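Taking this note's numbering, the leading residue of the sequence shown gets 47, the next gets one more, and so forth.
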Amino acid sequence: MFEVYLDGLLSGRQIFIAICTFFVGSAMGNSRLGFIWKLFWSLPILLIQQGFLLGSEYMESLDFLIRHGAAGSRSEDLAYVILFLIATHVSLYFAFWGLGAAGRETLDTELRENAAQITTDDMIRELNVIAAHPEMSMSGWLAQRWLPMSEPERREWVSSRLPALRELWLQGEEGGLHAFELELPQQLAIIDMEGTS
47 MFEVYLDGLL
57 SGRQIFIAIC
67 TFFVGSAMGN
77 SRLGFIWKLF
87 WSLPILLIQQ
97 GFLLGSEYME
107 SLDFLIRHGA
117 AGSRSEDLAY
127 VILFLIATHV
137 SLYFAFWGLG
147 AAGRETLDTE
157 LRENAAQITT
167 DDMIRELNVI
177 AAHPEMSMSG
187 WLAQRWLPMS
197 EPERREWVSS
207 RLPALRELWL
217 QGEEGGLHAF
227 ELELPQQLAI
237 IDMEGTS
């Protein structure tokens with residue numbers, strides 16, 4: 047029975063499904079969705095996976111042998127092979143999910159450490175670079191509030207709101223504040239209002 051299982055696991059369609067399972071499972075684990083939402087979206091993914099699996103030529107041939115070409119305990123063995131193959135691919139999905147989740151946790155830890163090291167000068171430099179962009183300097187919060195500020199005013203503004211700015215930077219992940227693009231002025235305006243309330 048193990049030889050039949052191994053042959054099935056190493057067949058072309060099964061390998062293709064395993065590769066797809068790796069990418070989809072790790073992407074799901076790496077996503078920022080909550081645990082319940084990950085489980086919710088995993089259900090259709092697993093149904094599609096099993097559809098490809100049960101529709102493969104190898105599984106169809108096993109099913110044919112069970113129904114027509116095998117008898118007694120041999121038939122039960124082949125049925126177990128199908129169940130083991132299904133269980134293997136489901137287990138692979140959740141194993142790859144775990145790898146993706148571990149990668150996300152590592153990335154989040156690194157980002158939090160990097161955010162904690164951002165100084166007032168670092169944030170001022172980043173905001174100056176963003177404000178120098180033509181699309182940012184024409185209108186919005188950066189044009190109306192940031193650019194008219196003197197250097198001491200910018201330093202005072204950033205230092206008084208540094209925790210909130212770090213949190214915003216963290217939300218941008220590896221892109222930092224640049225990741226928000228044209229939405230950044232609105233986010234900064236919110237921080238500005240919260241800082242004065």
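Just so it is clear, CB atoms sit at the ideal spot from N, CA and C, and this is done for glycine as well.
Here the structure is a predicted model, which means the values were calculated and not measured.
According to the neighbour-count rule (16 or more other Cβ atoms, all chains shown, within 10 Å of its Cβ), is S185 buried or exposed? Locating residue 185 in the sequence shown gives position 139, counting from the first residue. It is exposed - the Cβ of S185 has fewer than 16 other Cβ atoms within 10 Å.
N-terminal and C-terminal residue of the alpha helix (DSSP H) that R200 is part of: Against the sequence shown, residue 200 aligns to sequence position 154. 197 to 206 is the span of the alpha helix (DSSP H), which, as asked, contains R200.
Taking just the CA atoms, how far does W143 sit from A210? Taking the first residue of the sequence shown as position 1, residue 210 is located at position 164. Taking the first residue of the sequence shown as position 1, residue 143 is located at position 97. One C-alpha to the other measures close to 32 Å.
Alpha carbons only, please: which of W187, R201, S196 is nearest the one belonging to I237? Mapped onto the sequence shown, residue 237 falls at position 191. Ranking the options by Cα distance to I237, first place goes to W187.
To which residues of the same chain is A141 closer than 8 Å at the C-beta, ignoring the five residues directly before and after it? Here residue 141 is taken as the residue at index 95 of the sequence shown, counted from 1. The answer, listed in chain order, is G71.
Output the distance between the C-alpha atoms of N160 and R207, rounded to the nearest integer angstrom. The count along the sequence shown starts at 1 and reaches residue 160 at position 114. The count along the sequence shown starts at 1 and reaches residue 207 at position 161. Between N160 and R207, the C-alpha separation is close to 17 Å.
So, at 8 Å on beta carbons, what are the nonlocal neighbours of I176 in its own chain, with the 5 sequence-adjacent residues on each side left out? For the purposes of this step, residue 176 is taken as residue 130 along the sequence shown, with counting starting at 1. So the list reads M182, L188, L223, H224, L230, once near-sequence residues are dropped.
For H179, which three-state DSSP category applies? On the sequence shown, residue 179 is found 133 positions in, with the first residue counted as 1. In this structure, H179 counts as coil in the three-state DSSP scheme.
Quick check on DSSP: helix, strand or coil for P231? Start at 1 with the first residue of the sequence shown, and residue 231 comes out as number 185. Here P231 sits in helix by DSSP.
For M169, count neighbouring Cβ atoms within 10 angstroms of its own Cβ and tell me buried if that reaches 16, exposed if not. By one-based count along the sequence shown, residue 169 stands at place 123. Under this definition M169 is a buried residue.
Assuming I91 is part of the alpha helix (DSSP H), what are its boundary residues? Taking the first residue of the sequence shown as 1, we reach residue 91 at position 45. Unbroken alpha helix (DSSP H) run through I91: 81 to 100.
Note down, in chain order, each residue of its chain lying with its Cβ closer than 7 Å to the Cβ of S205, except the 5 sequence neighbours on either side. Locating residue 205 in the sequence shown gives position 159, where the first residue counts as 1. Cβ neighbours of S205 beyond the five flanking positions: T166.
By DSSP, does M184 sit in helix, in strand, or in coil? As a position in the sequence shown, residue 184 is number 138, starting the count at 1. Reduced to three states, the DSSP call for M184 is coil.
Which word fits R200, buried or exposed, when buried means at least 16 other C-beta atoms lie within 10 angstroms of its C-beta? Position 154 of the sequence shown, counted from the first residue, corresponds to residue 200. Taking a 10 Å sphere around the C-beta of R200, we find 16 or more other C-beta atoms and assign the residue as buried.
Exposure of T152, with buried meaning 16 or more beta-carbon neighbours within 10 Å: Working through the sequence shown from its first residue, we reach residue 152 at position 106. Exposed: under 16 other Cβ atoms inside 10 Å.
Should I63 be counted as a contact of the ligand GDP given a C-beta to heavy atom distance under 8 Å? This structure does not include the ligand GDP; it has no bound ligands of any sort.
Going by DSSP in three states, L153 sits in which element: helix, strand or coil? Counted from its first residue, the sequence shown places residue 153 at position 107. Here L153 sits in helix by DSSP.
Could you check whether W192 and L214 sit closer than 9 Å to each other, using their CB atoms as the reference points? Here residue 214 corresponds to residue number 168 of the sequence shown, with the count starting at 1. Here residue 192 corresponds to residue number 146 of the sequence shown, with the count starting at 1. Not a contact, by the Cβ cut-off of 9 Å.
Comparing C-alpha positions only, which one of L234, G146, E227 sits nearest to F69? Position 23 of the sequence shown, counted from the start, is the residue given in the question as residue 69. Cα-wise, what sits closest to F69 is G146.
Would you kindly check if the distance between the Cβ of R158 and the Cβ of L216 is under 9 Å? Residue 216 sits at position 170 when you count from the first residue of the sequence shown. Residue 158 sits at position 112 when you count from the first residue of the sequence shown. Yes, these two residues count as a Cβ contact at 9 Å.
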